[in-house]
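Q:
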Amino acid sequence: MTAEVITPRRAGSYPIRIGIPFAVVMLLLAIGPLVGLPKFLQSLVVEILTFSLLALSLNVLLGYTGLVSLGHAAFFGVGGYALGIIASRFTPDIAITLPAAIAATVLLAIPVGWLSIRLSGFYFLMITFAFAQMVFVAAFRWKRLTGGSDGLIIPAPTLFGVPVLQGSQQFYFFTLAVFAICCVAMFAVVHSQFGRTLVGIRENTARMRAIGYNVRRYKLAAFLIGAAFSGVAGVLNALFNLFIAPESAHWTQSALVLVMVLIGGAGFFVGPIVGTAIVIALQYWLSSYTEYWGLVLGLLFIVLISGAREGVTGLLVQIYRRSHRATP
Amino acid sequence: MSDRYSNKTKSRTRVTRRRLLGSGAAAGVAIASNGFGVFSPALAQARAIRVGVLAPLSGVYASLGTNKNNGIKMFFAEKGMKVEGKSIELIIEDDEAKPQEGMRKARKLVEQDDVDVLLGVISSAIGYALKEYVGRVKKVWVTTGAAADGIFKKANNNPYAFRSSLSVWQANNPMGSWLSEKGYKRVFVTGADYAMGREAIEAFGRDFVLKGGTRVGEVFAPLGTSDFAPYLAEIKRANPDLVYSSHAGSDAVRFVQQFGAFGLNNSIKLAGFGYLAEEDTFDAQGAAVLGVYTGLNWAYGIDTPSNKAFVANYRKLYNSSPTVDSVAGYVGAQVVWEALRSLGGNVPDQDALGKAILTTKIDTPRGPVSFDPDTRNVIQNIYIREAVKDGAETHNRVLATYPSVRDPG
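Going line by line, the protein sequences match chains A and B.
Throughout the first sequence, residue numbering follows the working numbering, covering 1382 to 1709 in sequence.
Throughout the second sequence, residue numbering follows the working numbering, covering 3 to 411 in sequence.
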């Protein structure tokens, strides 16, 4: 972990250093469709942004608090299912479905978090994994509510009775906006006093406890924040596909997100975004050529884990620093 | 995978996935060129008719997907990759049998490759999602799988989505009446505990009970169960004269094997949904499968010239028996081809293509095939089959035929 990135020495300059490129990328993505970014690539960008959000939310736990969760996609699934069930049974109005789905995710995260943060390390991983399996089985078996293994079709969203987010273009901008807002919010959280406390807990839990921090409360808060943003990602994905299936909550989905974060670099705020873009783009392009695309992804993962523990982002930062040191 | 099959540019485009894999460098080049080609417009030459194929080529359903694609490729190859003089190009993508990935590939085929028609899909979950999608983007899709009843109902009928394979109801409902007429009275039903496993049992049970049979018990095992002993013990206790099972794939292999090993097939008749005893499970099931009754829309032993020719050609081409999935691929391709032919090899617009498919009536290896305008599900024969020894091999022979079975929707 590069502690420097997470607790910047020159407070104030770091948000600007990362904020400008972020704003540039967002701007480029925003004008993309206007200058002829093909429709299909727009859908790919939507997917990358949605899963980036999921990976970022996991990184609040993994990178900042040091909690390795193998069940994070459960909240992604719960957010999607909550939206789908409310939309198909009550109203597809996003003024209701969006907040309600996110609220449902957080409500579920409270007992799960309360229970799992009591454990750490391997046991935390196992309990989150077990919880994710429970969500998956509920989605898979509770046919009347969730549609079971066939999945759930979600009616197109409305806002105050008017159909919204119909075209893929509209949805692209909607996703971009939600992503930008959530990114800024998460960035603010992890760079606040609260975020630094989380890093402290990651680095030395016993010491933080000795100083007088209520470690469990902080961990629970981090857990709930992670779950909430994971729920947002789930909602976006459900609205994008207008469909949700149990696979969304499967532990392999959680593992894939973990891989995304680690490939990108858990020690950097933008790491998960880089990792998600790499994994989804690779999966998409490679699987058009070979059914063994998973092998390539696996090899990349092994190489990165053994050669570059800080992920692709860490590699890029190192290269950047070296080139700058060479010409002082 | 962008396995582009076309007659015209054979040397360049007849690159199969496997051959590409054989040479990492070639794969690298191909990926790179595709990467740069993303923004470039489609080839400017006279445009071939593009058929986008979605099938699981990795993951647990990979072998089903491969069989399906074999059928599709075989049909188009028989027609010289042409229809009314226009060449046909196949673009094959791996849907991984997962909705997220499958929908991504569907969007790629429609929005990037601009295919004229979509073919394929095995997973019912992708089927549900894709049906809504093709309705929104108005693209004709003929599914060669996705058997869940709910996908093609009167209530969600949509002019662009067709099912040329079958509905679970179609294959299982006739079995209920047939077995009851055969004199079986007490049935124990069992299957895999997921949507299709239960749907099949329900479709069978309704008519069986209506005709005077009784259900003496039911048990559902999780998908991928390896030890059926507890379930078989329960069956033994209930003392039925018939067991009806909806197991498929590796579950079907183990269930039939263990059913035999338990000695149940001496006193109890085993019957089920066609996938319980199909060409791709026979080898592993061995002697235990002999005498099992199943219902499906195709049987290896259908005694018609078109089926005999199909089986012979398939065996020559792929050196293995066709399965119901190979036939599904073949018939799906046949439906699309016939519709294209009736339009003179052109696709003026998607509505015209949809109408052409709706009015298609063809003779296939499975018998006559047409579409029900109320659901756009296929109307076809259902065969009651029995697994029998045929020389050194095991195959299904036809015991009875239910003609023109139509899903009520």
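Backbone N, C-alpha and C fix where the C-beta goes; we use that ideal spot for every residue, glycine too.
Spell out whether any CB of chain A is found under 7 Å from the CB atom of SER169 (chain B).
A: no
Q: State yes or no: is the C-beta of GLU98 (chain B) within less than 7 Å of the C-beta of GLY61 (chain B)?
A: Yes; because the gap between Cβ atoms is below 7 Å, this pair is in contact.
Q: Taking Cβ positions, are ILE1606 (chain A) and VAL1405 (chain A) nearer each other than 7 Å?
A: Contact flag unset, no.
Q: Taking GLN114 (chain B) as the query, report the chain A residues whose CB atoms sit under 7 Å from its CB, ordered along the chain.
A: Simply PRO1419, PHE1421.
Q: Is it true that the region 1614 to 1630 of chain A meets the region 1440 to 1457 of chain A, where meeting means three or more beta-carbon pairs spaced less than 8 Å apart?
A: Yes: the two stretches touch, three or more of their Cβ pairs being nearer than 8 Å.
Q: For ALA1626 (chain A) and chain B, any beta-carbon pair shorter than 7 Å?
A: yes
Q: LEU1489 (chain A) by DSSP, collapsed to three states: which one?
A: It is helical.
Q: Name the chain B residues that come within less than 7 Å of TYR1665 (chain A), Cβ to Cβ?
A: ARG106
Q: Beta-carbon of ILE1412 (chain A) versus every beta-carbon of chain B: anything under 7 Å?
A: no
Q: Note down the Cα distance separating LEU1496 (chain A) from ALA1569 (chain A), rounded to an integer number of angstroms.
A: For the pair LEU1496 (chain A) and ALA1569 (chain A), the Cα-to-Cα distance works out to about 27 Å.
Q: I'd like to know whether the C-beta atoms of THR377 (chain B) and GLY411 (chain B) end up nearer to each other than 7 Å.
A: yes
Q: Can you list, in chain order, the residues of its chain with a C-beta nearer than 8 Å to that of PHE1510 (chain A)? Leave out the 5 residues immediately preceding and following it.
A: LEU1451, GLY1452, TRP1632, SER1635
Q: To the nearest angstrom, how far is it from the Cα of HIS249 (chain B) to the Cα of PRO242 (chain B)?
A: 18 Å
Q: For PRO405 (chain B), name the three-state secondary structure that DSSP assigns.
A: Strand, per DSSP.
Q: Using alpha carbons as the reference points, say which of B:THR68, B:GLY73, B:VAL55, B:TYR63 lies closest to ASN315 (chain B).
A: Closest option to ASN315 (chain B), Cα to Cα, is B:GLY73.
Q: Rounded to whole angstroms, what's the CA-CA distance from SER406 (chain B) to TYR385 (chain B)? Just pull it up for me.
A: 11 Å
Q: Quick one: is PRO161 (chain B) near chain A, going by C-beta distance under 7 Å?
A: no
Q: Could you check the C-alpha separation between ALA1689 (chain A) and SER1573 (chain A) for me, to the nearest Å?
A: Those two C-alpha atoms are separated by around 28 Å.
Q: Over what stretch of residues does the beta strand (DSSP E) that includes TRP143 (chain B) continue unbroken?
A: 143 to 145
Q: Quick one: which chain B residues come within Cβ less than 7 Å of GLY1532 (chain A)?
A: PRO101, ALA127, TYR130, ALA131
Q: Check each residue of the region 1605 to 1623 of chain A: if its Cβ is closer than 8 Å to any Cβ of chain B, include it; give the result in chain order.
A: ASN1618, ASN1622, LEU1623
Q: Could I get the ranges of all uninterrupted alpha helix (DSSP H) runs contained in the region 116 to 145 of chain B, with 4 residues as the minimum, in chain order?
A: Counting whole runs of 4 or more residues, the region 116 to 145 of chain B contains the alpha helix (DSSP H) stretches 126 to 139.
Q: Closer than 7 Å, CB to CB, is ASP409 (chain B) near chain A or not?
A: no
Q: Do ARG239 (chain B) and VAL218 (chain B) have their beta-carbon atoms positioned less than 7 Å apart in this structure?
A: no
Q: Using a cut-off of 8 Å between C-beta atoms, extract the partners of GLU1584 (chain A) located in chain B.
A: Correct list: empty, because the minimum Cβ distance to chain B is about 36 Å.
Q: Do VAL85 (chain B) and GLY347 (chain B) have their CB atoms nearer than 7 Å?
A: In contact: VAL85 (chain B) and GLY347 (chain B) (Cβ atoms closer than 7 Å).
Q: At least one CB of chain A closer than 7 Å to the CB of GLU204 (chain B): is that the case?
A: Put simply, the CB of GLU204 (chain B) is far from chain A, with every gap to its CB atoms at 7 Å or more.
Q: Is the CB of SER1668 (chain A) under 7 Å away from at least one CB in chain B?
A: Closer than 7 Å to some Cβ of chain B, the Cβ of SER1668 (chain A) qualifies, so yes.
Q: For PHE1521 (chain A), return the contacting residues in chain B, with the cut-off set at a CB-CB distance below 8 Å.
A: TYR196
Q: Return no unless some Cβ of chain A is closer than 7 Å to the Cβ of LEU59 (chain B).
A: yes
Q: Residues of chain A with a CB under 7 Å from the CB of ASP110 (chain B): which are they?
A: This sequence places Lys at residue 110 (chain B); Asp is not what is there. Going along chain A in sequence order, the residues near LYS110 (chain B) (Cβ under 7 Å) are PHE1421.
Q: At a Cβ threshold of 7 Å, is GLU395 (chain B) touching chain A?
A: No, its Cβ sits nowhere closer than 7 Å to a Cβ of chain A.
Q: Let me confirm a value: GLN172 (chain B) is counted as buried when at least 16 other C-beta atoms fall within 10 Å, else exposed. Which label applies?
A: buried
Q: Taking ARG165 (chain B) as the reference, which of B:TYR135, B:ILE237, B:THR145 has the closest Cα?
A: B:THR145
Q: Would you kindly check if the distance between the Cβ of VAL291 (chain B) and the Cβ of VAL329 (chain B) is under 7 Å?
A: No Cβ-Cβ contact shorter than 7 Å links VAL329 (chain B) with VAL291 (chain B).
Q: Indicate whether at least one CB of chain A lies closer than 7 Å to the CB of SER25 (chain B).
A: Residue confidence for SER25 (chain B) is low, a pLDDT of 33 falling below 50, so the modelled location carries little weight; the figure read from the coordinates is stated next. No - not a single Cβ of chain A is within 7 Å of the one on SER25 (chain B).
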